[in-house]
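Q: The structure under discussion is supplied below as structure tokens; questions concerning it will follow.
Residue numbers (the UniProt record's numbering): 1 to 175.
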């Protein structure tokens, strides 16, 4: 069984230039972008995806920095943005690991997908559902570790009233 995190099977477009629009499947496009960490030495990638809705408009998932060529491709696809219904920014968080795990389990039960575009790990064509399921099982110890850490940091379980610590920070993925 191929591993979900195997770069050989995970990202067939990883060797292509970044910031190019690729049609992954019917009504679904993905763009890989650069996201460098560790003093900008390691590129863990990021993405922007376009899902064409039944009404012909697009749901955009996340954003990346656009070059002129990519901007032209997106404008062509979306009629200069007129066909963009909404843009949703999704960033996994470690604040509620069991909530995330349970959401993933429900999604896996409800949706027999074969392909997936991941923010930092690339694109997986074929067998993605099985690989995500396997990864979720293998990550159980991480959910427990994160939950334990969170309880130590916030024993009262209070919700912060200000911005999350990773929001609106210069050069942070979310900011």
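Positions of the beta carbon are idealized from the N, C-alpha and C atoms, including for glycine. Computed from a prediction, not measured in an experiment: that's the story for all the values here.
For residue 76 versus residue 62, is the C-beta distance shorter than 8 Å?
A: Taking 8 Å as the Cβ cut-off, residue 76 and residue 62 do not qualify as a contacting pair.
Q: Do you know whose CA, among 156, 117 and 97, lies nearest residue 144's CA?
A: That would be 97, whose Cα lies nearest to the Cα of residue 144.
Q: Taking the DSSP output, what are the residues bridged to residue 132?
A: Per DSSP, none; premise fails for residue 132.
Q: If residue 24 and residue 117 are in contact, beta carbons under 8 Å, what's the gap, nearest whole angstrom?
A: At roughly 6 Å, the Cβ-Cβ gap stays under 8 Å, so residue 24 and residue 117 are in contact.
Q: In terms of alpha-carbon separation, which member of 107, 68, 101 and 129 lies closest to residue 114?
A: Answer by Cα proximity: 129.
Q: Using DSSP bridges, identify the partner residues of residue 47.
A: BP columns for residue 47 point to 32.
Q: Per DSSP, what kind of secondary structure is residue 144 in: helix, strand or coil?
A: Three-state DSSP puts residue 144 in a helix.
Q: How many angstroms separate the CA atom of residue 79 from the CA atom of residue 155?
A: Approximately 50 Å, taken between the alpha carbons.
Q: Measure the C-alpha to C-alpha separation of residue 102 and residue 53 and round it to an integer number of angstroms.
A: Between residue 102 and residue 53, the C-alpha separation is close to 26 Å.
Q: Thinking residue 34 and residue 45 are a contact (beta carbons under 8 Å), I'd like their distance in whole angstroms, please.
A: The pair is a contact, with the Cβ atoms about 7 Å apart (cut-off 8 Å).
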